[in-house]
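Written out below as structure tokens is the structure these notes cover.
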Amino acid sequence: MKLFTNLGKGLIAGALALSALTTTAAAEYPEKPVTMIIPLGAGGSHDLNARVIASILPTYLGQPVIVKLMPGASGQTGTAAAANSAADGYTILFTQNFIDQLQQHVAKLPYDPNKDFVTVARTNFAAPSVIVKSDSEFTDFNSMLEYGKANPGKLRFGHSGNWGAFMVPGALLFTEAGVRPTLVPHKGGGPALQALLAGDVDVSMAFNSVIDSQGDALRPLVSVSPGTAIEGVPTTGEVGIEGVGDMGIMHRVVLVPAGVPDEALAKLRSAFAEMQDDKTYKRLLGKLGENAEFMDGEAYDSIRLKQSDEYKALVDGLASN
Amino acid sequence: MLQELLEGLSLILRVDTVLMTGAGLVLGILVGSLPGFTTVMAMAVLLPISFFLDPLVGIPFLIGVYKGGIYGGSIPAILVGIPGTGASVATTFDGPALTKQGKSRKALEMALYASVFGDTASSIFTIFLIGPIALVAMRIGPPELAVVLALSMAIIASTSGGAVKKGVLMLMIGIFISLIGQDPIGAVNRFTFDVFAIQAGIDLLPMLIGLFAIPEILLAVESRINEGAKATKPEGERLSWQELKRSARTILRSTWMGGAIGAVPGVGQVVAAFMGYAAAKKAAPDPETFGKGDLDGVAAPEAANNAVNGPTMVPLLTLGIPGDNITAILLGAFVAQGLRPGPQLFSDSGAMVYALLGSMVIACLLLLVLGRAMIPIFARVVAIPRSYLVPLTMIFAVAGTYVYRSNPLDLVFLVVFGLFGYGARKLNFDVTPLVMGFILAPPLEYAIGQTLLLSGGDVAGYIVNERPVTLALLALIPMLLIFALRNHLRARRKAAA
């Protein structure tokens with residue numbers, strides 16, 4: 001019987017996500033399904049987080065949430081589509097800080113992230129760690145820095161794609177430490193990890209859940225994180241590199257086009273806040289190896305401009321090299 | 001290992017596992033058969049259902065959607081000449097021709113048997129050789145991948161028929177179109193003229209539907225005087241045992257080729273399908289019937305593209321590294337169940353890994369049963385009078401293109417590629433090299449770009465000192481050239497005599 005109850009739950013979640021034929025509420029927001037645009041592709045960690053949100057949020061919003069994947073051009077395609085949609089609260093964007101605040105400094109965009117969007121919530125964050133193979137000659141972060149300083153361009157840093165969740169913290173970290181590695185892009189975190197394991201690159205980055213799954217094949221050297229991310233591994237702050245711990249982590253954020261009616265914004269913000277106490281939500285995030293470090297929309301809006309300045313400095317620095 | 005294997009099999013021989021796999025297969029076939037709906041999309045939408053199921057029910061369900069979707073994609077390729085993915089392009093060479101001869105049922109059955117055989121054989125092969133395949137996958141880095149991709153392009157190009165100059169021109173156009181958009185290594189825009197809409201590049205699906213479906217429709221409209229009100233050819237008879245036996249060699253050849261290609265991460269189904277087709281044509285006693293409705297021409301690409309599936313799972317299961325979008329979604333399903341594929345999973349719960357591999361075999365066998373049951377329904381499509389079928393195909397082509405990612409611009413590309421494909425058909429240009437160049441150039445460029453970065457500027461030194469496998473692969477090129485030249489000269493001598 002357990003199967004059938006579980007199956008039932010699954011089907012309900014699926015049906016909620018798929019169909020628009022649910023309770024017709026009164027004439028207040030939301031009276032139809034909400035579309036959540038993801039500017040990234042299927043199967044990535046962002047997609048997984050979105051699927052969890054889309055399964056649970058309808059309970060608190062009162063309407064189904066439809067996930068719409070719109071990958072392309074480093075996240076610009078989906079973001080532009082969200083910016084162009086009506087500011088009625090029925091289109092929301094589930095993105096992350098590097099797409100949100102960094103792309104404006106490397107590409108000509110048809111939108112202005114800080115004028116065209118406001119934050120609904122930061123659902124959680126992910127802190128990457130610098131990893132090497134466990135048989136690497138680099139036993140700690142300082143030995144790697146020494147090698148990197150003595151041999152400019154020799155250290156090969158494999159990351160998951162340009163201006164992505166590993167390239168930005170890596171570049172921030174190495175720039176701050178005065179090392180110039182060769183940056184080698186890969187098509188996602190998986191291929192970057194494979195390149196590290198195969199010895200194609202010397203150093204890479206990964207999130208905790210991936211590091212755990214690799215057993216003793218990897219050695220984490222330092223975590224880009226405001227607090228301890230892995231037991232026994234120092235944070236960037238602890239090895240004397242300031243600032244990177246805040247700017248290098250990936251914030252998963254939900255944005256909505258600016259000009260959205262106040263009541264819709266308030267309803268969305270409260271639905272996300274209420275979802276934080278949901279046991280199934282916490283359990284599913286836990287299984288994904290994600291934290292549930294929620295931050296409300298107003299608080300997050302206040303750090304977006306700071307991110308923008310920091311990323312601009314990074315981009316200018318890399319360009320002048 | 002044997003004990004773990006048996007333990008694993010005993011885990012999945014359950015009624016609920018089999019039922020949900022079957023449900024996944026039927027959903028997959030239905031979705032896959034609709035142009036514009038991709039297997040990846042279906043899996044992404046259905047993924048949350050697996051969150052709430054037992055892992056040995058939820059994951060086999062998704063595997064069912066995956067296998068059903070891939071088979072479903074060959075249905076429109078055969079019946080109306082619309083390939084839903086790059087992997088079924090090669091099926092459109094002979095599938096629609098068979099349909100026109102009133103042999104659609106035979107073609108659909110051949111595609112099913114070839115797919116099921118290729119897939120099952122490669123899954124079993126993977127179960128027993130998972131260790132060695134993982135080792136090979138580890139040896140393939142960007143330089144090796146670049147050589148393998150370049151080699152496959154050369155082999156497919158040299159064995160495909162038609163005028164060489166026209167083929168090269170189409171290939172170049174395809175490569176050029178693939179360059180439009182953000183470049184993958186430096187993230188710089190190319191050929192976009194600051195038009196934001198094409199910064200993400202041009203997508204494969206509108207191109208495929210445009211190049212293959214629209215010309216078919218326009219040609220059908222042209223010929224309306226002759227066949228207007230007539231019903232299309234009937235679905236015809238079932239595939240006979242003799243016909244299946246005649247294609248057995250082709251299916252076997254394609255299966256091992258597909259399996260070998262699948263073991264090289266990053267190459268994939270498209271290459272396998274084209275290579276399987278090219279090899280079958282080369283080995284056939286009657287190569288001139290290829291492209292005009294040869295059952296071998298359906299069997300070869302279908303067996304080859306499905307045989308890729310088994311080995312593709314290896315990096316996922318052994319290293320936790322997904323090789324493509326589909327395995328990435330499966331990884332998500334694993335992770336949501338608290339299973340982290342990787343070396344750890346293999347040593348901690350080997351039985352689980354074998355259970356999942358075993359469920360792939362079960363899914364294949366179920367596909368055989370369910371596919372056979374559904375073929376008569378799909379085959380009925382051709383009984384629709386042409387005066388309805390042609391506009392219906394047009395509606396599906398347009399709707400499929402739009403549904404794919406709700407981008408109105410894709411419709412513009414559909415029309416542009418459609419008119420281009422029509423013109424090419426009239427002037428006797430084959431558009432296949434264009435699609436091939438478009439699909440294969442980006443991974444080749446990416447691999448070359450990574451190799452340049454890894455080498456730190458000294459490519460020759462890097463390959464000689466650090467990449468022995470690349471050297472060995474490079475040494476194959478002159479050997480293949482000599483072989484091809486010898487065949488060519490022999491054929492000419494024969495023709496002269």
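Residue numbers (the working numbering), protein chains in the order written: chain P, 1 to 321; chain C, 1 to 497. Ideal Cβ positions, reconstructed from N, Cα and C, are used throughout, including at glycine.
Simplified DSSP assignment, three categories, for residue i
i	result
Lys133 of chain P	strand
His186 of chain P	coil
Ile133 of chain C	helix
Gln337 of chain C	coil
Val119 of chain C	The displayed chain sequence assigns Asp, not Val, to residue 119 of chain C. Three-state result, Asp119 of chain C: helix.
Val67 of chain P	strand
Ile37 of chain P	strand
Thr235 of chain P	strand
Met170 of chain C	helix
Leu414 of chain C	helix
Residue i to residue j span [Cα, whole Å]
i	j	result
Ser254 of chain C	Arg490 of chain C	26 Å
Phe98 of chain P	Val188 of chain C	17 Å
Leu370 of chain C	Ala424 of chain C	39 Å
Gly201 of chain C	Ala472 of chain C	35 Å
Ile82 of chain C	Gly72 of chain C	12 Å
Thr22 of chain P	Gly58 of chain C	Summary for Thr22 of chain P: the model assigns pLDDT 42, below 50, so the residue's position carries little reliability; its value from the coordinates is reported in the next sentence. Distance between the alpha carbons of Thr22 of chain P and Gly58 of chain C: 26 Å.
Ala495 of chain C	His488 of chain C	11 Å
Trp241 of chain C	Asp296 of chain C	14 Å
Gly258 of chain P	Lys312 of chain P	It should be noted that the sequence gives Ala, not Gly, for residue 258 of chain P. Those two C-alpha atoms are separated by around 23 Å.
Leu314 of chain P	Ser213 of chain P	32 Å
Lys279 of chain P	Leu285 of chain P	10 Å
Ile308 of chain P	Asp246 of chain P	In the sequence as displayed, the identity of residue 308 of chain P is Ser instead of Ile. Those two C-alpha atoms are separated by around 13 Å.
Ala213 of chain C	Gly102 of chain C	19 Å
Ala292 of chain P	Phe125 of chain P	8 Å
Val239 of chain P	Ala195 of chain P	26 Å
Ile49 of chain C	Leu356 of chain C	18 Å
Val314 of chain C	Ala303 of chain C	19 Å
Gly461 of chain C	Phe438 of chain C	31 Å
Arg486 of chain C	Gly131 of chain C	38 Å
Gly148 of chain P	Phe174 of chain P	9 Å
Contact belief for residue i with residue j at Cβ below 8 Å, rounded distance in angstroms
i	j	result
Ala80 of chain P	Pro110 of chain P	5 Å
Gly248 of chain P	Val168 of chain P	7 Å
Ala271 of chain P	Leu102 of chain P	Not a contact, Cβ separation roughly 28 Å.
Ile63 of chain C	Ser359 of chain C	6 Å
Ser302 of chain P	Leu218 of chain P	With 8 Å as the limit, Ser302 of chain P and Leu218 of chain P do not qualify as a contact, their Cβ atoms being about 36 Å apart.
Ile198 of chain C	Arg190 of chain C	The pair is not a contact, with the Cβ atoms about 10 Å apart (cut-off 8 Å).
Phe378 of chain C	Ser152 of chain C	The pair is not a contact, with the Cβ atoms about 32 Å apart (cut-off 8 Å).
Glu235 of chain C	Ser104 of chain C	5 Å
Gly89 of chain P	Leu265 of chain P	7 Å
Met207 of chain C	Phe413 of chain C	7 Å
Paired residues, beta bridge with residue i - DSSP
i	result
Gln307 of chain P	Gln307 of chain P is not bridged to any residue.
Phe117 of chain P	P:Pro257
Ser204 of chain P	P:Ile131
His159 of chain P	P:Pro185
His251 of chain P	P:Phe125
Leu149 of chain C	BP columns for Leu149 of chain C are empty, so no partner.
Ser223 of chain P	P:Ser129 and P:Thr235
Met296 of chain C	It is Asp, not Met, that sits at residue 296 of chain C in the sequence shown. DSSP lists no partner for Asp296 of chain C.
Arg190 of chain C	C:Gly181
Gln242 of chain C	Gln242 of chain C is not bridged to any residue.
Ile92 of chain P	P:Met36
Leu218 of chain P	P:Lys133
Met295 of chain P	P:Arg122
Report task. Could you say if the segment 439 to 450 of chain C and the segment 138 to 155 of chain C meet the contact criterion of at least three C-beta pairs nearer than 8 Å? Result -> yes
Query raised in the report: Within the chosen definition, does the segment 155 to 163 of chain P reach the segment 191 to 204 of chain P through at least 3 CB pairs nearer than 8 Å?
Result: yes
**Report entry** Stretch-stretch touch, CB-based, cutoff 8 Å, three pairs: the segment 64 to 77 of chain P with the segment 119 to 132 of chain P
**Finding:** no
Query raised in the report: Is there contact here, the segment 363 to 381 of chain C with the segment 64 to 77 of chain C, by at least three beta-carbon pairs under 8 Å?
Result: yes
Query raised in the report: Any chance the segment 42 to 53 of chain P sits against the segment 325 to 339 of chain C, with 3 or more Cβ pairs inside 8 Å?
Result: yes
Query raised in the report: How about the segment 165 to 174 of chain C and the segment 382 to 395 of chain C: do they share at least three Cβ pairs that are nearer than 8 Å?
Result: no
Query raised in the report: Looking at C-beta atoms only, is the number of pairs between the segment 189 to 196 of chain P and the segment 138 to 153 of chain P that lie closer than 8 Å three or more?
Result: no
Report task. Evaluate the contact criterion for the segment 291 to 305 of chain C versus the segment 88 to 97 of chain C: three or more CB pairs, one atom per stretch, below 8 Å. Result -> yes
Query raised in the report: Is there contact between the segment 387 to 402 of chain C and the segment 110 to 117 of chain C, where contact requires at least three CB pairs shorter than 8 Å?
Result: no
Report task. Take every Cβ of the segment 21 to 30 of chain C, pair it with every Cβ of the segment 309 to 320 of chain C, and state whether three or more of those distances are shorter than 8 Å. Result -> no
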